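Have a look at the structure below, then the notes.
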Amino acid sequence: PGAKPPGVRTTSEETDVDWERVIGLGVAGNFAGHLEQAGEANDFKDLVIEDAAAPKGVFPFYVPPPAEGDAQHFLHTFPISSRRIRLGSDDEKHQIEPEVSLLCDLRYENGRVSAVVPRQAHAHNDCSIRREGAKKISEKKNWGRDTKGTATQSIAIDRFEPGGVLDQYRIASFLERDGALHEYGVDSPVSSYSYMYRRLLDWLVEKLGQQVDEGPLENISEWITQAGCPEQALISIGATRYTDFGETNFLARGDRSIVVVYDGRRFDHDAIREIASGAQAPPTEGLSLLRQEVV
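This is the structure:
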């Protein structure tokens with residue numbers, strides 16, 4: 069209890085967050101082309117989705133265990149680290165998924181989520197195993213401790229709507245291997261998510277209350293109830309497209325995974341490369357930087 073990703077802080081003020089009581093959820097298919105590159109589009113072929121631009125669904129990557137007893141389900145293992153990614157089997161392929169995650173307050177009516185209120189944004193690595201035959205998305209997302217990444221720095225959200233601070237932010241990602249820094253994800257505006265702002269929040273409320281156990285998806289409402297209706301959720305809202313290098317190169321021990329969410333008014337891409345490489349100390353304002361050793 070009281071644990072959090074090592075060194076978590078905000079760029080404006082300290083937040084008292086009991087991270088092991090925050091449910092971890094992800095949005096699948098919220099960036100055009102990512103699922104196809106990840107080889108996962110076929111998992112959703114039998115789902116009926118009315119809006120072709122809509123994300124495919126919500127998946128859990130961490131569910132706070134019940135207050136009584138020890139963790140019994142793999143999703144009860146706290147997976148988040150700001151320092152390392154611990155690979156599973158060497159026979160499986162692990163891939164960075166560069167994203168924005170939102171720390172959100174959850175509000176309830178009659179035991180169901182009635183509102184999702186974003187408070188701060190983080191650079192996030194929704195690291196995934198490309199596991200053939202997995203029945204649920206969650207089976208590729210949490211294989212133990214130190215298998216997810218959330219940056220120590222956060223970006224305070226003034227308003228989660230057009231004209232708010234996130235309009236100016238971008239997502240970049242890199243892989244450092246044998247002293248060379250490689251572009252891993254396509255540097256992309258945060259505003260280019262398929263569903264964003266009010267459209268995303270309304271969709272989330274619907275899915276958290278009504279998504280059923282179907283295909284690779286799960287009944288999220290049941291997980292929320294099992295977790296005791298937590299007050300907060302960390303929601304990763306979708307991975308960007310990969311570069312050619314990122315699409316074809318998987319993580320190996322000794323690599324370094326880097327995801328940066330940065331203010332495009334303050335920094336250009338070359339400056340972000342310098343910061344990602346560790347050539348200069350990261351600024352304390354205007355970005356959220358996640359650097360993880362792969363072990």
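Residues 69 to 363 in the working numbering are what the sequence shown lists, from first letter to last.
Every residue, glycine too, gets a C-beta built ideally from N, C-alpha and C.
The model shown is predicted, which means the values in this text are computed figures rather than measured ones.
By the C-beta criterion, the segment 333-350 is judged not to be in contact with the segment 126-135, since fewer than 3 inter-stretch pairs fall below 8 Å. For a cut-off of 8 Å, the C-beta gap from Pro298 to Arg89 is around 6 Å, short enough to register as a contact.
The DSSP assignment places 312-316, 337-345 as complete runs of the alpha helix (DSSP H) inside the segment 312-359, in order along the chain (cut-off: 4 residues). In terms of Cα proximity to Leu170, the closest of Val258, Gln140, Pro123, Arg334 is Val258.
Under DSSP, Val131 shares a beta bridge with no residue. Taking a contact as a CB-CB distance under 8 Å, the pair Phe127 and Ile205 counts as one, their CB atoms being some 4 Å apart.
In this structure, DSSP gives Phe142 a helical state, which the three-state scheme calls helix.
Between Trp211 and Gly156, the gap from beta carbon to beta carbon is short of 8 Å. In the DSSP assignment, Asp270 falls within the alpha helix (DSSP H) that extends over 265-278. Shown here for Val233: same chain residues with a beta carbon closer than 6 Å to its own, the five before and five after excluded, namely Asp226 in chain order. Per DSSP, Thr293 is one residue of the alpha helix (DSSP H) stretching across 288-294. Counting of Cβ neighbours within 10 angstroms places Ser182 among the exposed residues, the total staying below 16.
In this structure, Ser241 and Ile164 form a Cβ contact; the two beta carbons are roughly 6 Å apart against a cut-off of 8 Å.
When C-alpha distances from Glu244 are compared across Asp84, Tyr130, Lys275, Ser325, the shortest belongs to Ser325. Here Ile303 is actually not in contact with Leu143; their C-beta atoms are around 15 Å apart, not less than 8 Å.
For Val327, the closest of Trp271, Tyr265, Leu249 by C-alpha to C-alpha distance is Leu249.
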